[in-house]
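Engineer: Residue numbers (the UniProt record's numbering): 1 to 433.
For every residue, glycine included, the Cβ atom is placed at its ideal position computed from N, Cα and C.
1. Given a cut-off of 9 Å on the beta-carbon distance, is the pair residue 153 and residue 240 in contact?
2. Is the region 165-173 close to the region 200-213, with three or more CB pairs under 8 Å?
3. Residue 53: buried (16+ other C-beta within 10 angstroms of its C-beta) or exposed?
4. Check the C-beta distance from residue 309 over to residue 130 and give it rounded, since I have them as a contact under 8 Å.
5. State yes or no: is the C-beta of residue 162 within less than 9 Å of the C-beta of residue 188?
6. For residue 244, collect the residues of the same chain with a Cβ closer than 8 Å to its Cβ; drop the 5 residues on either side in sequence, then sort them by chain order.
7. Tell me whether the beta-carbon of residue 406 lies closer than 9 Å to the beta-carbon of residue 285.
8. Do residue 378 and residue 370 have their beta-carbon atoms positioned less than 9 Å apart in this structure?
9. Could you round the C-beta distance between residue 360 and residue 427 to whole angstroms and report it? I think they count as a contact, below 8 Å.
10. Quick check on the DSSP output: the alpha helix (DSSP H) that includes residue 430 runs from which residue to which?
11. Exposed or buried, which one is residue 201 when buried takes at least 16 other CB atoms within 10 Å?
12. What's the C-alpha gap between residue 132 and residue 167?
13. Roughly how many angstroms separate the alpha carbons of residue 400 and residue 219, rounded to a whole number?
14. Among 307, 368, 375, 408, whose alpha-carbon lies nearest the alpha-carbon of residue 392?
15. Please classify residue 379: does DSSP put it in a helix, a strand, or coil?
16. Could you give the distance in angstroms between the alpha-carbon of residue 124 and the alpha-carbon of residue 422?
17. Looking at the strands, I want to know which residues DSSP matches up with residue 199.
18. Closest by CA to residue 281, which one among 298, 289, 292, 290?
19. Look up residue 139 in the DSSP assignment and say whether it is helix, strand or coil.
20. Name the DSSP beta bridge partners of residue 323, please?
21. Between the C-alpha atoms of residue 155 and residue 247, what's the straight-line distance to the nearest angstrom?
22. Count the other C-beta atoms from every protein chain shown that fall within 10 angstroms of the C-beta of residue 100, then say buried if there are 16 or more, exposed otherwise.
23. In its own chain, which residues sit with a C-beta less than 7 Å from the C-beta of residue 214, not counting the 5 before and 5 after it?
24. Assign residue 319 to buried or exposed, taking buried as 16 or more other Cβ atoms, counted over all protein chains shown, within 10 Å of its Cβ.
25. Under 9 Å, do residue 322 and residue 412 count as touching if we go by C-beta distance?
26. If you run the structure through DSSP and keep just helix, strand and coil, what is residue 216?
27. According to DSSP, what are the bridge partners of residue 103?
28. According to DSSP, is residue 397 helix, strand or coil?
In structure tokens:
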């Protein structure tokens, strides 16, 4: 049976909802402003949050950058005091000025340096003494240290304040194994407080270190080196050159280099042969031997005054010298003679005769022992030297006769040369250990 389609029941009334009565709501009177304000309120809050986020990012970013920058600067300062843009006094003409140090930050060509030494003038002596024993160290002040790196060597300059630019006794100690050299000052000499700090320098001269217990400065070097030292108008100048650089120059010169010649600061001459009489003038340098040796000069009369002595230990020989400070040149080279002689005690004795003198060293004291020299100069290695004492036996008719007692008989060498500061002509006797 098929279902029939429902039919409308005409007896049921229509709902009022279906009536077609017009609406009482007037769309024109609706307050759409309220809806639009609510719709705009959410975008306004979102913009505020974005701005707040950007502000926080900027603040934290700047803060982090400042922290990183501070850490980097502190690390650089601890690694090297020569990071100069933040130094006390700043940078001027490529010179870093830290406290009382001036460190040149750019390697200069050798041609810009004054008083450049030849390779033969560089020494490796374990001990050296310079200066004038008559100068009162309590009246001398070390005010500044300057460092300059040249293409072939480094130069460290100690600038003093001293009356007449004259400096007291200063000792040098060199260590080839420790790769260091120490400048020892008298305990009475005043050092600027700005220099009493460790200063890192560069890849060659690693640091300059003040040793308060010895009132000294230790220069630490990164490789094997030799040194050359001299005085210059109240300053002590210390040149350091690596062995590699010295060998490089020597090899390039080849057969043109004569290692038997003395340095440029020493007058050149030929050696004395055995049993030879006094050679004709000028004759200034001998070779090591046990034969009688001479210095022959053109000076006549008793016109040369000698009132000071210098002593140092080369390591392979001991040297004692006589002269008058700041008197330089051939006019201050006396005639001299050195030879072995028998002594009453049968100990080895060298006689040194120096002529043309108006005054002689040790005229008052007469005797100078190894202990006296060590006390006056501070040479710590003097105990190993082949030297006991020197005595002025007589001073007559302008000739001083000295007797030098040794520990053992060995070769010696008589010569005239300049002091290391190139200011004084001296007569030197070198005695092999």
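Structural biologist: So, from the data block:
1. If you number the chain shown from 1, residue 153 lands on position 153. If you number the chain shown from 1, residue 240 lands on position 240. Contact: yes.
2. The region 165-173 vs the region 200-213: no contact.
3. By one-based count along the chain shown, residue 53 stands at place 53. By the 10 Å Cβ count, residue 53 comes out exposed.
4. As a position in the chain shown, residue 309 is number 309, starting the count at 1. As a position in the chain shown, residue 130 is number 130, starting the count at 1. Rounded to the nearest angstrom, the Cβ distance from residue 309 to residue 130 is 13 Å, too far for a contact under 8 Å.
5. Taking the first residue of the chain shown as position 1, residue 162 is located at position 162. Taking the first residue of the chain shown as position 1, residue 188 is located at position 188. No, these two residues do not count as a Cβ contact at 9 Å.
6. Residue 244 sits at position 244 when you count from the first residue of the chain shown. Closer than 8 Å at Cβ, skipping near neighbours: 223, 224.
7. Counting from one through the chain shown, the residue named residue 406 turns up at place 406. Counting from one through the chain shown, the residue named residue 285 turns up at place 285. Against a cut-off of 9 Å, the Cβ pair of residue 285 and residue 406 comes out as no contact.
8. The residue labelled residue 370 in the question sits at position 370 within the chain shown. The residue labelled residue 378 in the question sits at position 378 within the chain shown. The answer is no: Cβ separation not under 9 Å.
9. In the chain shown, the residue the question calls residue 360 occupies position 360. In the chain shown, the residue the question calls residue 427 occupies position 427. Cβ atoms of residue 360 and residue 427 stay farther apart than 8 Å, at about 11 Å.
10. Locating residue 430 in the chain shown gives position 430, counting from the first residue. It is not in any alpha helix (DSSP H) - residue 430 instead sits in the beta strand (DSSP E) that spans 425-432.
11. Position 201 of the chain shown holds residue 201. With 16 or more other Cβ atoms within 10 Å, it is buried.
12. Position 132 of the chain shown, counted from the start, is the residue given in the question as residue 132. Position 167 of the chain shown, counted from the start, is the residue given in the question as residue 167. Taking the Cα positions, residue 132 is about 6 Å away from residue 167.
13. In the chain shown, counting from the first residue as 1, residue 400 sits at position 400. In the chain shown, counting from the first residue as 1, residue 219 sits at position 219. The alpha-carbon atoms of residue 400 and residue 219 are separated by roughly 41 Å.
14. If you number the chain shown from 1, residue 392 lands on position 392. Closest option to residue 392, Cα to Cα, is 368.
15. Translated into positions along the chain shown, residue 379 becomes position 379. Three-state DSSP puts residue 379 in coil, outside helix and strand.
16. Taking the first residue of the chain shown as 1, we reach residue 124 at position 124. Taking the first residue of the chain shown as 1, we reach residue 422 at position 422. A direct Cα-Cα distance of roughly 18 Å separates residue 124 from residue 422.
17. In the chain shown, residue 199 corresponds to position 199, counting from 1. DSSP lists 208 as partners of residue 199.
18. Within the chain shown, residue 281 is the residue found at index 281, counting from 1. Comparing Cα-Cα distances from residue 281 to each of 298, 289, 292, 290, the minimum goes to 298.
19. Residue mapping note: residue 139 aligns to position 139 of the chain shown, counting from 1. The DSSP-derived three-state label of residue 139 is helix.
20. The residue labelled residue 323 in the question sits at position 323 within the chain shown. By DSSP's assignment, residue 323 forms a beta bridge with 308, 426.
21. Numbered from 1 along the chain shown, position 155 holds the residue referred to as residue 155. Numbered from 1 along the chain shown, position 247 holds the residue referred to as residue 247. Taking the straight line joining both Cα atoms gives about 19 Å.
22. By 1-based counting over the chain shown, the position of residue 100 is 100. So residue 100 ends up on the buried side.
23. Working through the chain shown from its first residue, we reach residue 214 at position 214. Taken in chain order, the residues that qualify are 184.
24. Here residue 319 refers to the residue found at position 319 of the chain shown. Residue 319 should be labelled buried.
25. Sequence index remark: in the chain shown, residue 322 carries index 322 (1-based). Sequence index remark: in the chain shown, residue 412 carries index 412 (1-based). For residue 322 and residue 412, no; Cβs fall outside 9 Å.
26. Reading the chain shown from its first residue, position 216 is the one you call residue 216. In the structure shown, the three-state DSSP call for residue 216 is strand.
27. For the purposes of this step, residue 103 is taken as residue 103 along the chain shown, with counting starting at 1. The partner list for residue 103 (beta bridge, DSSP) reads 96, 147.
28. The sequence position of residue 397 within the chain shown is 397, counting from 1. The three-state secondary structure of residue 397, taken from DSSP, is coil.
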